[in-house]
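I have placed the structure first, in the form of structure tokens, so that the comments after it can refer back to it.
Number of protein chains: 4
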Amino acid sequence: MTIRDLQNTLGQFAHARDRLPFHTPKSLAMALTGETGEVLESFRWLTPEQFNALTSQPHGTRALRHDPADVFAYLLRLADVTGIDPGETLAEKIELNRHRYPVDLAYGSAENTKLGE
Amino acid sequence: MTIRDLQNTLGQFAHARDRLPFHTPKSLAMALTGETGEVLESFRWLTPEQFNALTSQPHGTRALRHDPADVFAYLLRLADVTGIDPGETLAEKIELNRHRYPVDLAYGSAENTKLGE
Amino acid sequence: MTIRDLQNTLGQFAHARDRLPFHTPKSLAMALTGETGEVLESFRWLTPEQFNALTSQPHGTRALRHDPADVFAYLLRLADVTGIDPGETLAEKIELNRHRYPVDLAYGSAENTKLGE
Amino acid sequence: MTIRDLQNTLGQFAHARDRLPFHTPKSLAMALTGETGEVLESFRWLTPEQFNALTSQPHGTRALRHDPADVFAYLLRLADVTGIDPGETLAEKIELNRHRYPVDLAYGSAENTKLGE
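Residue numbers (our numbering), protein chains in the order written: chain V, -8 to 108; chain L, -8 to 108; chain Y, -8 to 108; chain H, -8 to 108.
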């Protein structure tokens, strides 16, 4: 499915359950961060070895697949209710970062190459 | 661009700047949540009226376009390094939620229709 | 108990369970934000009326008492491992904000009176 | 200053700037998590060596002192507006966790000794 298909499916899912009135930008931003918090809680104490072991644990499905999927769902809903195109805005931001963090200056420098802020 | 195209572009962006060694799942989860925190900080004090006014403010571009784009970027990087397909896992999660929150039971109930957890 | 007493109790709790090696600043920052994410998840869909009703629900104890207590716990642990005094640094930050956001300029202005950033 | 003194000072700071109407539980939870997001953004890419170097950098003051102080400020405001005593609720939660995660079972086990969830 394309990003747009996913957004339409999520919008219909929410509409069918009368959830649209709850999907204000503020509440969706809270829901989005709540889900990223679940990802943090799954990862916080893991050593790299334990992290790799996650994939073979039932708990791993939630940590690696379902929680990030929930983050994606709320990000797509937030974009939908605020009228932005997620793929287009990301492509736009990447172009901006190409100029902000030119390869020759940014190479190997954490400060100059962070994707955001 | 497709989700995969965006992931490839972001991977090349990071690789060209020697950032791949920094992109561990833990650090990407921290970066992802750091960006959702920026969205929260832009929205936290706004009344619905002030929120609508955002779109016409220079600050609005960051709040509505750039910060969510950064969230998307780190989510796609996290999916990439953990080897999951974001669109496929989201479609999978939506199917799961269809069964978890059937329309007849879920209609209008915040508890039964949350997209995640 | 004083802030210092609480920090000592939490340190002993972690030590007794051999948790100190896990309490790196990065992991504690992740745990801290994971807990704030739980607070967000409890509040995100609530109307003010529903929020007030929380206090009379079993779920309310977790949302209003236990989750914020967990945030406090990890904040105190983070301060402890990074060697800062939470009360002293907060008093210091408040003084800084008094000068940054003088009452006459800040009165009623969301932008000028935010406590942080 | 005691926790109560800090809460009173923060309440007066907000009142003097006409901020109390903005300090709803939802907005304070968003502000709280926004600040923890700033801590994550300061830490996310750091190696343990780089983290230790923070203390000697100007940037370190914000990362190690001011951002955590802002987290503390919003946590104390949230507790104040929801009518809970942060020290008392934390002491209560620690007691709960003593029974939940007895030393003999919890020793060295990440799963059994997490402070929250």
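Where is the CB? At the ideal position from N, CA and C, for every residue including glycine.
Predicted model only: the values in this text are computed from it and were never measured.
- With 16 or more other Cβ atoms inside 10 Å of its own Cβ, R68(V) counts as buried.
- The beta carbon of T24(Y) sits closer than 8 angstroms to some beta carbon of chain L.
- Unbroken beta strand (DSSP E) stretches of 3 residues or longer found wholly inside the region 51 to 88 of chain Y: none.
- Under the 10 Å beta carbon count, G78(V) is surrounded by 16 or more other beta carbons and is classified as buried.
- A direct Cα-Cα distance of roughly 21 angstroms separates T46(L) from P12(V).
- Here N43(L) is exposed. Its C-beta has fewer than 16 other C-beta atoms within 10 Å.
- Within chain H, W36 have C-beta atoms less than 8 angstroms from the C-beta of F13(L), given in sequence order.
- When DSSP states are grouped into helix, strand and coil, Q(-2)(Y) belongs to the helix group.
- Neighbourhood of L31(H) in chain L, by CB distance below 8 angstroms: M21, A22, T24, G25, G28, in chain order.
- With 16 or more other CB atoms across the displayed protein chains lying within 10 angstroms of its CB, D58(V) is buried.
- For a Cβ distance threshold of 7 angstroms, residue set R35, W36 of chain L lies close to S18(H), ordered along the chain.
- Between the C-alpha atoms of L31(Y) and T15(H) there is a straight-line separation of about 13 angstroms.
- Boundaries of the alpha helix (DSSP H) harbouring D95(V): 94 to 97, taken from the DSSP string.
- The beta carbon of A44(Y) sits no closer than 8 angstroms to any beta carbon of chain H.
- Pairing E83(L) with L55(V), the inter-Cα distance amounts to about 13 angstroms.
- Between G28(Y) and G51(V) the beta-carbon gap is near 20 angstroms, outside 8 angstroms, which marks them as no contact.
- Within its own chain, the residues whose Cβ lies closer than 8 angstroms to the Cβ of L66(V), once the five positions on either side in sequence are excluded, are L23, P77, listed in chain order.
- The Cβ of G78(Y) sits closer than 8 angstroms to at least one Cβ of chain H.
- Shown in chain order are the members of the region 58 to 73 of chain L whose Cβ falls below 9 angstroms from a Cβ of chain V: D58, P59, A60, D61, V62, F63, A64, Y65, L66, L67, R68, L69, A70, T73.
- In the DSSP assignment, M21(H) falls within the alpha helix (DSSP H) that extends over 16 to 34.
- The continuous alpha helix (DSSP H) containing P39(V) extends over residues 39 to 45.
- At the C-beta level, A64(Y) and L81(H) come within 8 angstroms of one another.
- S18(Y) places its beta carbon less than 8 angstroms from that of R35(V).
- Inclusion of D9(Y) and Y92(H) in the CB contact set at 8 angstroms is not warranted, their separation being larger than that value.
- When the five nearest sequence neighbours on each side are left out, the beta carbons in the same chain lying within less than 7 angstroms of the beta carbon of L(-3)(V) are those of L67, in order along the chain.
- In this structure, F4(Y) lies away from I(-6)(H), with their beta-carbon atoms at least 8 angstroms apart.
- No Cβ-Cβ contact shorter than 8 angstroms links V94(Y) with A60(H).
- Straight-line spacing of the CA atoms in I75(H) and M21(Y) works out to 24 angstroms.
- In terms of beta-carbon proximity, R56(H) lines the interface with chain Y, with at least one pair separated by less than 8 angstroms.
- Each residue's CA atom was taken as its position, placing H90(H) and T0(H) some 35 angstroms apart.
- Taken through DSSP and simplified to helix, strand or coil, Q48(Y) comes out as coil.
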